[in-house]
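Chemist:
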Amino acid sequence: MRRLNKKKALNFVKELDAFPKVPESYVETTASGGTVSVLAFTAMALLAFFEFFVYRDTWMKYEYEVDKDFTSKLRINIDITVAMRCQFVGADVLDLAETMVASDGLQYEPVIFELSPQQRLWHRTLLLIQNRLREEHSLQDVLFKNVMKGAPTALPPREDDPTHPLNACRIHGHLYVNKVAGNFHITVGKAIPHPRGHAHLAALVSHETYNFSHRIDHLSFGEEIPGILNPLDGTEKVSADHNQMFQYFITIVPTKLETYKVSADTHQYSVTERERVINHAAGSHGVSGIFMKYDISSLMVKVTEQHMPLWQFLVRLCGIVGGIFSTTGMLHSFVGFCVDVVCCRFKLGVYKPKSMSVFDGHVNSLTPLLSENAEH
Ligand SMILES: *[C@@H]1O[C@H](CO)[C@@H](O)[C@H](O)[C@H]1NC(C)=O
Numbered sequence: 001m002r003r004l005n006k007k008k009a010l011n012f013v014k015e016l017d018a019f020p021k022v023p024e025s026y027v028e029t030t031a032s033g034g035t036v037s038v039l040a041f042t043a044m045a046l047l048a049f050f051e052f053f054v055y056r057d058t059w060m061k062y063e064y065e066v067d068k069d070f071t072s073k074l075r076i077n078i079d080i081t082v083a084m085r086c087q088f089v090g091a092d093v094l095d096l097a098e099t100m101v102a103s104d105g106l107q108y109e110p111v112i113f114e115l116s117p118q119q120r121l122w123h124r125t126l127l128l129i130q131n132r133l134r135e136e137h138s139l140q141d142v143l144f145k146n147v148m149k150g151a152p153t154a155l156p157p158r159e160d161d162p163t164h165p166l167n168a169c170r171i172h173g174h175l176y177v178n179k180v181a182g183n184f185h186i187t188v189g190k191a192i193p194h195p196r197g198h199a200h201l202a203a204l205v206s207h208e209t210y211n212f213s214h215r216i217d218h219l220s221f222g223e224e225i226p227g228i229l230n231p232l233d234g235t236e237k238v239s240a241d242h243n244q245m246f247q248y249f250i251t252i253v254p255t256k257l258e259t260y261k262v263s264a265d266t267h268q269y270s271v272t273e274r275e276r277v278i279n280h281a282a283g284s285h286g287v288s289g290i291f292m293k294y295d296i297s298s299l300m301v302k303v304t305e306q307h308m309p310l311w312q313f314l315v316r317l318c319g320i321v322g323g324i325f326s327t328t329g330m331l332h333s334f335v336g337f338c339v340d341v342v343c344c345r346f347k348l349g350v351y352k353p354k355s356m357s358v359f360d361g362h363v364n365s366l367t368p369l370l371s372e373n374a375e376h
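First residue of the sequence shown: 1, per full-length UniProt numbering; consecutive thereafter.
1) Quickly, what does DSSP pair M330 with across the bridge? List them, please.
2) Note the first and the last residue of the continuous beta strand (DSSP E) segment covering F246.
3) Ordered along the chain, which non-local residues of its own chain (more than five positions away) have a Cβ less than 7 Å from that of residue 379?
4) Starting from S138, follow the beta strand (DSSP E) in both directions and report where the run begins and ends.
5) Go through its chain and collect everything with a Cβ distance to S284's Cβ below 8 Å, but skip five positions before and after it.
6) Using beta-carbon positions only, say whether Q119 and L155 come within less than 8 Å of one another.
7) Got a sec: does ligand 1 put a non-hydrogen atom nearer than 7 Å to the Cβ of D241?
8) I113: beta carbon under 7 Å from a heavy atom of ligand 1?
9) Give the straight-line distance between the Cα atoms of F53 and R274, rounded to the nearest whole angstrom.
10) Tell me the residue span of the alpha helix (DSSP H) that contains Q130.
11) Rounded C-beta distance between H307 and G234? I'm assuming under 8 Å.
12) Among all the DSSP beta bridges, which residues are the ones paired with E109?
13) Quick check: the Cα distance between H280 and G189, rounded to an integer number of angstroms?
14) In the DSSP assignment, the beta strand (DSSP E) including M44 goes from what residue to what residue?
15) Answer yes or no: do T255 and H267 have a C-beta to C-beta separation smaller than 8 Å?
16) So, for I216: in the same chain, excluding its five sequence neighbours on each side, which residues have a beta-carbon less than 6 Å away from its beta-carbon?
17) If we call anything under 8 Å between Cβ atoms a contact, is M84 one with T209?
18) Please state the DSSP three-state secondary structure of K61.
19) Just to confirm the assignment, what range does the beta strand (DSSP E) spanning A264 have?
20) Less than 8 Å separating the beta-carbons of G182 and Y269?
21) Pair every Cβ in the region 327-334 with every Cβ in the region 32-47, then say whether three or more of these pairs are closer than 8 Å.
22) With a threshold of 7 Å (Cβ to nearest heavy atom), would V238 be considered close to ligand 1?
23) Under 7 Å: does the beta carbon of N211 sit that close to some heavy atom of ligand 2?
24) Please report the distance separating the alpha-carbon of I296 from that of T304.
25) With hydrogens ignored, establish whether the beta-carbon of A83 is closer than 7 Å to any heavy atom of ligand 1.
26) What is the DSSP secondary structure of G222, counted as helix, strand or coil?
27) Mind checking H207: buried by the 16 CB within 10 Å criterion, or exposed?
28) To which residues of the same chain is L366 closer than 7 Å at the C-beta, ignoring the five residues directly before and after it?
29) Rounded to the nearest angstrom, what separates R134 and D104 at their Cα positions?
30) I'd like to know whether the C-beta atoms of K73 and Y176 end up nearer to each other than 8 Å.
31) Alpha carbon to alpha carbon, how far is T259 from D92? Give it in angstroms, no decimals.
This is the structure:
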């Protein structure tokens with residue numbers, strides 16, 4: 001009884017066989033079939049090869065969400081050179097709560113404002129990349145992907161001996177501020193704390209020495225990641241007037257970056273800038289200096305690098321192989337059919353089974369008769 005059931009099941013499975021065995025004698029190989037097969041295999045190999053590159057490629061996915069992290073501190077990374085002596089300038093941050101943030105993280109280093117030829121070249125290249133970045137946004141993806149390979153956006157050191165007097169001041173380092181809007185500024189005189197905000201001791205500095213020409217080599221927020229270019233990196237401003245005010249209005253967007261190489265909490269920003277000459281007589285009031293007002297967006301961008309999963313790659317490979325195989329098979333038989341039809345119609349006049357044409361030579365005496373009959 002059991003054996004019978006087993007046999008039935010086996011028969012059933014046999015019936016399901018989609019690959020029935022064809023006896024060898026039924027299989028005929030032809031030259032055209034061989035050619036088509038070679039073409040099909042070449043196409044398969046090529047497409048599979050290219051598909052592999054698609055599989056290896058990655059892309060960036062952007063998502064937006066509300067930034068819920070408001071307790072952590074925001075780090076500001078600065079590297080600015082101002083065309084004034086270090087003892088005359090001071091940099092600090094005031095945040096929205098009017099509390100002065102300790103700026104001990106900043107170092108003042110006397111340097112020369114003019115760049116050496118090699119530094120100039122580096123600077124020009126940086127500006128060139130910045131321009132391209134503004135036009136072609138997909139470049140940003142490339143930068144994100146190669147984040148660890150990139151060179152840091154810091155000016156290379158001078159290669160020549162400084163013969164000039166050190167007439168400029170490079171202010172660099174980092175600060176931690178509260179995650180609220182604020183104002184980072186560089187003005188004349190060192191800042192001194194004051195019960196209501198702070199003041200800069202500027203009385204001792206002559207107006208003739210004022211020169212707020214500056215170069216921003218680096219300005220970023222959050223974790224410092226080499227290889228990422230920030231919008232203000234490379235900005236250079238030369239002022240013709242002693243009393244000039246430079247303002248940058250910065251909107252910071254928290255960005256979570258997750259690539260296959262690195263995962264980091266960083267910040268991107270956009271900036272608008274304005275500059276004007278301070279002239280109290282002409283009604284243009286203010287304080288000369290460099291002011292950077294920043295505000296933090298409540299939206300966060302999540303950038304993740306993505307990749308085609310392996311199963312999808314395998315499915316696509318199967319699609320390529322199977323699709324080409326059956327398509328070329330169909331094309332081959334279709335072309336064969338067409339050739340048959342054309343041959344029979346124009347050469348022989350009437351339809352004849354394929355096997356007959358093989359004996360053409362022998363049945364020559366018969367065919368003319370037949371075709372003539374058909375024509376009349
Ligand atoms: C400020 O310094 C820069 C660079 O040294 C110079 O080109 C510019 O003429 C100076 N401006 C003033 C008003 O002295």
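Note that CB positions come from ideal geometry on N, CA and C, so glycine has one too. Quantities reported herein were computed from a predicted structural model and do not represent experimental measurements.
Modeler: Taking the definition as stated:
1) Bridge partners of M330: none, in fact.
2) Where F246 is concerned, the enclosing beta strand (DSSP E) stretches over 244-258.
3) Outside the shown range of the chain, which is 1 to 376, sits residue 379, and nothing can be said about it.
4) Element bounds for S138: not the beta strand (DSSP E) but the alpha helix (DSSP H), 138-145.
5) Around S284: R276, V277, I278.
6) The answer is yes: Cβ separation under 8 Å.
7) Remark: the shortest separation between the CB of D241 and any heavy atom of ligand 1 falls under 7 Å.
8) Just to set this straight, residue 113 is Phe in the shown sequence, not Ile. Yes, since a heavy atom of ligand 1 falls inside the 7 Å radius drawn around the Cβ of F113.
9) Whole-angstrom Cα-Cα distance: 47 Å.
10) For Q130, the enclosing alpha helix (DSSP H) has its first and last residue at 117-135.
11) Between G234 and H307 the Cβ distance is about 33 Å, and since that is not below 8 Å, they are no contact.
12) Answer is R170.
13) Looking at the two C-alpha atoms, the distance is approximately 20 Å.
14) Careful: M44 lies outside any beta strand (DSSP E), inside the alpha helix (DSSP H) at 31-56.
15) T255 is a Cβ neighbour of H267, given a cutoff of 8 Å.
16) Non-local beta-carbon contacts of I216 in its own chain, meaning distances under 6 Å to residues more than five positions away in sequence, involve I80, L232, T235 in chain order.
17) Their beta carbons are under 8 Å apart, which means M84 touches T209 by this criterion.
18) Here DSSP, grouped into helix, strand and coil, assigns K61 to strand.
19) Unbroken beta strand (DSSP E) run through A264: 263-277.
20) Result no, Cβ atoms of G182 and Y269 do not sit closer than 8 Å.
21) Counting Cβ pairs under 8 Å, three or more are found: they touch.
22) Correct: V238 has its Cβ closer than 7 Å to ligand 1.
23) Absence of ligand 2 is noted for the structure shown, with ligand 1 being the only ligands found.
24) For I296 and T304, the distance between alpha carbons rounds to 21 Å.
25) True, at least one ligand heavy atom lies under 7 Å from that Cβ.
26) Strand.
27) Exposed: under 16 other Cβ atoms inside 10 Å.
28) Note on L366: pLDDT 44, under 50, position unreliable in the model; no value is reported.
29) Taking the straight line joining both Cα atoms gives about 34 Å.
30) Cβ distance < 8 Å, so K73 and Y176 count as in contact.
31) Answer to the nearest angstrom: the Cα atoms are 34 Å apart.
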